[in-house]
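Top to bottom, those sequences are chains S and A.
If you read the first sequence in my numbering, its first letter stands for residue 6, the second for the next number, and so on.
If you read the second sequence in my numbering, its first letter stands for residue 83, the second for the next number, and so on.
Cβ coordinates follow ideal geometry from the N, Cα and C atoms, glycine included.
Because the structure is a prediction, the values reported are computed rather than measured.
Notes follow once the structure below has been shown.
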Amino acid sequence: MTFESSLNEKGDVVIIRCPQRLANDTSGEFKIFIRNLVEAGQARIVIDLSPTDFVDSSGLGAIVSRIAASRALHGDIRLAGAGEFVSNLLEITHLNKVIKAFPDVAAALNSFEQP
Amino acid sequence: MVINKKQKFQLKVSSKTENLEIIRDFIRAITGNIGFNEDSREQIALAVDEACTNVIKHAHGYDARRMVEIRVELDKEKIAITIADKGKGFDPENLPRPDVSRYIHEARMGGLGIHLMRSLMDQVSYEINPGIRNKVSMIKYLNKSA
């Protein structure tokens with residue numbers, strides 16, 4: 006499976022479009038996709054969750070798997086556009102306390118511009 | 083739909099992750115017309131998905147010759163779901179409570195599925211008899227779903 010990704014205008018943040026379902030059948034590849042980006046030095050990442058209506062525990066694991074690595078490179082992995090179901094899961098699991106989430110991609114990109 | 087009598091449903095599928103979608107659709111179909119809102123339906127489907135994933139991965143070790151059995155009982159107050167297997171059991175009480183800070187630093191998320199099940203359902207209980215019959219039972223009440 007391939008994941009749609011693009012760069013912002015400045016070329017310093019990668020936006021990854023999350024699939025509709027981030028579960029057992031897709032989360033392993035998604036995790037590798039993020040790992041490869043971070044290992045290549047691309048430490049600023051926005052995961053666009055707007056197309057995503059189902060996430061399981063493996064999907065949540067994939068999302069957070071490289072946060073520490075990206076932060077070690079002075080970057081971060083931030084979320085954008087999560088719907089109600091996914092937002093509730095982030096809250097239930099307390100992942101909302103350790104990962105920054107924004108209403109949409111523009112807001113997430115803008116957050117990287119803040120000091 | 084008003085449920086006056088207890089209704090029972092059963093699904094038995096081979097133990098493989100490809101069948102998780104069938105399992106989720108089975109649960110969504112049952113919860114579709116009995117008063118659970120859309121989010122609650124998805125939450126119940128996810129809790130069952132996580133329980134079945136544990137069976138497929140841990141109890142059966144991805145052995146698709148084994149079977150996962152899901153039984154559902156509906157009445158006017160609640161949905162009760164039981165997932166049974168005859169594989170290796172485990173003691174869920176021995177699992178550490180999820181620690182998100184540790185997850186992030188260790189880049190792994192063990193135990194999150196069970197935490198999700200406990201959080202998404204109103205009651206979760208286990209009967210563990212390794213090799214004989216393991217059972218996880220989950221209940222969600224209708225009047226807590228709004």
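*In chain S, which residues lie with their C-beta within 9 Å of the C-beta of leucine 102(A)?*
Ala28, Asn29, Asp30 and Asp61
*What separation, rounded to the nearest whole angstrom, lies between the Cα atoms of valine 91(S) and isoleucine 68(S)?*
12 Å
*asked:* Tell me the rounded alpha-carbon separation between serine 227(A) and isoleucine 161(A).
replied: With a pLDDT of only 46 at serine 227(A), under 50, the local geometry of the prediction cannot be trusted, and the value read off the model is given with reservation. If I take the Cα positions, the gap works out to 11 Å.
*Helix, strand or coil for threonine 31(S) per DSSP?*
helix
_Where serine 201(A) sits in the DSSP three-state scheme_ = helix
_Which listed residue (Leu65(S), Asp53(S), Phe59(S) and Asp61(S)) has its alpha carbon closest to that of leucine 100(S)_ = Leu65(S)
*Name, in chain order, the residues that DSSP records as bridge partners for lysine 15(S).*
Lysine 15(S) is not bridged to any residue.
_Among Met220(A), Ser219(A), Ile210(A) and Leu224(A), nearest to alanine 141(A) - alpha-carbon criterion_ = Ile210(A)
*Since I believe isoleucine 152(A) is in contact with isoleucine 105(A) (beta carbons under 8 Å), could you give me their beta-carbon distance rounded to a whole number of angstroms?*
6 Å
*Nearest to serine 63(S) by alpha carbon, out of Asp131(A), Asp107(A) and Glu155(A)?*
Asp131(A)
*Work out the CA separation of serine 97(A) and threonine 164(A) for me, nearest whole Å.*
16 Å
*What span of residues does the beta strand (DSSP E) with arginine 106(A) cover, start to end?*
Taken as a continuous stretch (DSSP letters only), arginine 106(A) belongs to no beta strand (DSSP E), being part of the alpha helix (DSSP H) at 102-113.
*asked:* Spatial neighbours of aspartate 109(S) within its chain, please: C-beta separation below 7 Å, excluding the five flanking residues on both sides.
replied: Ala85 and Gly86
*In terms of residue numbering, what span does the alpha helix (DSSP H) encompassing glutamine 125(A) cover?*
120-136
*Kindly confirm or deny that the segment 41-50 of chain S and the segment 109-129 of chain A touch, where touching means at least three C-beta pairs closer than 8 Å.*
no
*asked:* Just checking: is the beta-carbon of threonine 113(A) within a distance shorter than 9 Å of some beta-carbon in chain S?
replied: no
*Leaving aside the five residues before and after leucine 198(A) along the sequence, list all residues of the same chain whose C-beta is less than 8 Å from its C-beta, in chain order.*
Leu128, Ala129 and Glu132
*Where serine 183(A) and valine 103(S) are concerned, what is the direct C-alpha to C-alpha distance, given to the nearest angstrom?*
7 Å
*asked:* What residue range does the alpha helix (DSSP H) around serine 92(S) cover?
replied: 89-97
*If you measure from the beta carbon of alanine 73(S) to each beta carbon in chain A, is any gap under 9 Å?*
yes
*Is any beta-carbon of chain A found at less than 9 Å from that of glutamate 44(S)?*
no
*Within-9 Å CB hit, isoleucine 186(A) to chain S*: yes
*Confirm, please, whether the CB-CB distance from isoleucine 39(S) to arginine 76(S) is below 9 Å.*
no
*Residues in its own chain within less than 7 Å of isoleucine 109(A) by CB, not counting five upstream and five downstream?*
Ile126, Ala127 and Val130
*With DSSP run on the structure shown, which of helix, strand or coil describes phenylalanine 8(S)?*
coil
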